[in-house]
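In our numbering, the protein residues as written are 1 to 321.
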């Protein structure tokens, strides 16, 4: 259980992890956003509570504040570890997803151009030097201990296990190439009770209550990360397979759309088809489907029952290797 240094109250969250899964509370817990910008900075162990008030993040934050009325495209701004990057008081490296680009050595004088081109207009800048990342496959894990001790406790061992599994598949960062997956610690992304939190790009899937000791869950998360297309748009409707019980949401979807998409996946699953057939043969009346904002019916009640069936199976089995 997280210590009293958590900025947010733990309220016994660690004991409630299984309850959260059983109640299907993970899905629909990610606010709508279209772009995620990470600034690269040292080791997370050195980050203060408000890491955005340190170093070259300050001029970036200031420009965004000055132009806040023009920030129409929802985005997230997060610090990420980059231990190999020399510390600098004059430049900042920025990673932009889902595009998978690195803006290298951005100066304070270039921040207004970056904010206008990338953040406000949502396009690749031709005024600030940038390059495609060697691989677009990234996984970010919240490790911001000064902000939230629960994330600070869950994150580091989770990173170590993710890297171990990726290396075993020949997909770790050290293997290089466009199919490799980079794992980085990041600052607090919200969702204290969902620690450990894992973000998978370029598609932008969020997973919560992920634990280093749950090896089988991690194998599924890793498999999903290495199998997804590097084109975020082509995989925008893809199903996160058997990691549904940990799925919080996805880039580009609001909370209602996240829930509707999960119900769509479950309704299309073989288990759902078998359940429908059994219900029909037994002449059991079906419940009225819930209608979402997009006007399409999603069988929410059946979806919840099936997700609970899947989750109960997960909780009842050994998830340790």
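Backbone N, C-alpha and C fix where the C-beta goes; we use that ideal spot for every residue, glycine too.
Exercise for review: Taking 8 Å as the cut-off, decide whether the C-beta atoms of residue 243 and residue 217 are in contact.
Suggested key: In this structure, residue 217 lies closer than 8 Å to residue 243 by Cβ.
Review point. Where does residue 127 land, buried or exposed, given buried means 16+ other C-beta within 10 angstroms?
Key: Residue 127 comes out exposed.
Point to revise | Reference residue 63; option with closest CA among 116, 100, 32 | key: 116
Review point. Where does residue 263 fall in DSSP's three states?
Key: helix
Review point. What are the boundary residues of the alpha helix (DSSP H) that residue 155 is part of?
Key: For residue 155, the enclosing alpha helix (DSSP H) covers residues 149-168.
Practice item. Determine the DSSP secondary structure at residue 130, reduced to helix, strand or coil. Key: strand
Point to revise | Other residues of its chain near residue 136: CB distance less than 6 Å, five sequence neighbours each side excluded | key: 100, 202, 230
**Study point:** Collapsed DSSP secondary structure at residue 79 in the structure displayed
**Key:** The answer is strand: DSSP assigns residue 79 an E or B state.
**Study point:** Pairwise C-alpha distance: residue 264 and residue 89
**Key:** 48 Å
Practice item. Compute the distance between the beta-carbons of residue 185 and residue 44, then report whether it is under 8 Å. Key: yes
Practice item. Look at the alpha carbon of residue 255 and the alpha carbon of residue 78, and state the distance between them as a whole number of angstroms. Key: 20 Å
Practice item. Compute the distance between the beta-carbons of residue 215 and residue 246, then report whether it is under 8 Å. Key: no
Point to revise | Stretch-stretch touch, CB-based, cutoff 8 Å, three pairs: the segment 28-48 with the segment 141-158 | key: yes
Review point. Taking three-plus beta-carbon pairs below 8 Å as touching, is the segment 106-113 in contact with the segment 53-60?
Key: yes
Exercise for review: Out of 164, 248, 252, point me to the one whose CA is closest to residue 191's CA.
Suggested key: 248
Exercise for review: Report the three-state DSSP secondary structure of residue 56 (helix, strand or coil).
Suggested key: coil
Practice item. Out of 266, 269, 259, 267, state which residue places its alpha-carbon closest to the alpha-carbon of residue 29. Key: 259
Check your understanding: Could you give the distance in angstroms between the alpha-carbon of residue 188 and the alpha-carbon of residue 154?
Key -> Approximately 12 Å, taken between the alpha carbons.
Exercise for review: Identify every residue that forms a DSSP beta bridge with residue 92.
Suggested key: Bridge partners of residue 92: 106.
**Study point:** Selected residue, minimal CA-CA separation from residue 168, among 32, 204, 66, 219
**Key:** 219
Practice item. For residue 37, name the three-state secondary structure that DSSP assigns. Key: In the three-state reduction of the DSSP assignment, residue 37 falls in the strand class.
Practice item. Return the bridge partner residues of residue 101 from the DSSP annotation. Key: 96, 132
Practice item. Starting from residue 223, follow the alpha helix (DSSP H) in both directions and report where the run begins and ends. Key: 215-227
Practice item. Could you pull out every residue in the same chain whose Cβ sits closer than 6 Å to the Cβ of residue 92, ignoring the five residues on either side in sequence? Key: Excluding positions up to five away in sequence, the list reads 39, 56, 106.
**Study point:** Reduced DSSP secondary structure (H/G/I, E/B, other) of residue 140
**Key:** strand
Review point. How many Å lie between residue 156 and residue 228 at the Cα?
Key: 24 Å
Practice item. Return the chain-ordered list of same chain residues with a C-beta closer than 6 Å to the C-beta of residue 133, the five sequence neighbours on each side being excluded. Key: Listed in chain order, the non-local C-beta contacts of residue 133 below 6 Å within the same chain comprise 100, 102, local neighbours out to five positions each way being set aside.
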